[in-house]
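Below: one structure, written as structure tokens.
Residue numbers (the working numbering): 821 to 1115.
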């Protein structure tokens, strides 16, 4: 199974490296009138979904099937929009936006945080969840880490996920960049804490609980979740789905179906198996999140 995942990721990475220098061969010119993506997807009956193989958001399970919070929401929404099939395209998290831009996939479904700097590059749907941050630390939390402030004050070594928001939050709170190590995936971050290469690994509390739950023997714990602040302003981690900026029609249709799922309670039923609760439900919009002052 692990070899299958590595092969999938290698194939996607290779496709991205080929697509970048040859992107002129792909018709990525901006479409007028809100774009025709949804019509094209309906005609094909399938949508290419970029994901980072990160549980609990979108990942390949032991049956070699795409599942997770974002994957299952995407399946339901696109089915309701007349697109019955999802084609999973794996990518490193930090390469997802680049992959979308060069046409490797039609949408990013990876629990990607809606951030102003990302809003300048892609068009986000409204979020389907909100998630506070936390740290994975040695059991007993010997350094007393609660927020990024403690990491900065004690000049501690911290791990983050490549391309994730926690690095920006940490730097904005005084953590030197040379004290931050970026890891490719959650298990690598867990191993770094376990072996003492870093003092803490920061990610959303949901992600950390998931990876620790899969490693029950690890002498680690997840700290109390918190909302990071930058210059006194809360930085909400809210995950959404990303499209090319010209595809406003597809995003509007997606948002309508997502709103219906929220109102009916079906969204929580979809997300609950992946560790989400009522506390992670949100009525915030992409417009609000894109306007939050940048870290």
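All C-beta atoms in this analysis are idealised placements derived from N, C-alpha and C, irrespective of residue type, glycine included.
Whole-number beta carbon distance between residue j and residue i, since they are thought to touch under 8 Å
i	j	result
residue 1028	residue 1042	5 Å
residue 901	residue 858	7 Å
residue 983	residue 914	3 Å
residue 955	residue 989	Residue 955 to residue 989, Cβ: 12 Å. No contact.
residue 1002	residue 980	5 Å
residue 943	residue 1062	7 Å
residue 1113	residue 1053	5 Å
For residue i, the first and last residue of its enclosing alpha helix (DSSP H)
i	result
residue 867	Per DSSP, residue 867 belongs to no alpha helix (DSSP H); it is in the beta strand (DSSP E), 866-871.
residue 1007	1006-1014
residue 1003	Looking at the DSSP string, residue 1003 is not in any alpha helix (DSSP H); the run it does join, the beta strand (DSSP E), is 1000-1003.
residue 1027	1025-1033
residue 1061	Element bounds for residue 1061: not the alpha helix (DSSP H) but the beta strand (DSSP E), 1058-1063.
residue 970	968-973
residue 1041	Unbroken run through residue 1041 is the beta strand (DSSP E), 1040-1042; no alpha helix (DSSP H).
residue 898	889-900
residue 982	Per DSSP, residue 982 belongs to no alpha helix (DSSP H) and is neither H nor E.
residue 954	Unbroken run through residue 954 is the beta strand (DSSP E), 953-958; no alpha helix (DSSP H).
residue 918	916-921
residue 1109	1106-1110
residue 908	It is not in any alpha helix (DSSP H) - residue 908 instead sits in the beta strand (DSSP E) that spans 905-910.
residue 938	936-939
Exposed unless 16 or more other CB atoms sit within 10 angstroms - verdict on residue i
i	result
residue 1020	buried
residue 1111	exposed
residue 905	exposed
residue 931	buried
residue 1080	exposed
residue 1006	buried
residue 1024	buried
residue 985	buried
residue 938	buried
residue 970	buried
residue 1030	buried
Which listed residue (the options) has its alpha carbon closest to that of residue i
i	options	result
residue 861	1055, 960, 1070, 935	1070
residue 927	973, 908, 1004	908
residue 1009	958, 943, 1055, 942	958
residue 994	976, 1016, 931	976
residue 856	1080, 1107, 1068	1068
residue 1072	1056, 1005, 1107	1107
residue 962	1039, 1087, 880, 999	1039
residue 891	1113, 1014, 1091	1091
residue 854	1085, 1088, 1086, 1066	1066
residue 1050	921, 903, 991	991
residue 941	1015, 1083, 850, 986	850
residue 1074	1105, 1011, 1031	1105
residue 1015	978, 920, 925, 974	978
residue 874	1026, 1082, 1013	1026
residue 1048	1034, 987, 999, 1088	987
residue 1034	1017, 886, 1011, 936	1011
Bounding residues of the beta strand (DSSP E) (the contiguous stretch that carries residue i)
i	result
residue 1077	Counting along the chain, residue 1077 falls outside any beta strand (DSSP E), though it belongs to the alpha helix (DSSP H) covering 1068-1084.
residue 931	927-933
Near the ligand GTP: residue i beta-carbon under 7 Å from a heavy atom
i	result
residue 856	Inclusion of the ligand GTP in the displayed structure is not the case, the ligand content being empty and no account of it being possible.
Residue j beta carbon less than 8 Å from that of residue i
i	j	result
residue 1124	residue 912	With the chain covering only 821 through 1115, there is no way to say anything about residue 1124.
residue 865	residue 946	no
residue 867	residue 1077	no
residue 951	residue 1100	yes
residue 1046	residue 966	yes
residue 1096	residue 949	yes
residue 869	residue 929	yes
residue 1022	residue 934	no
residue 910	residue 1094	no
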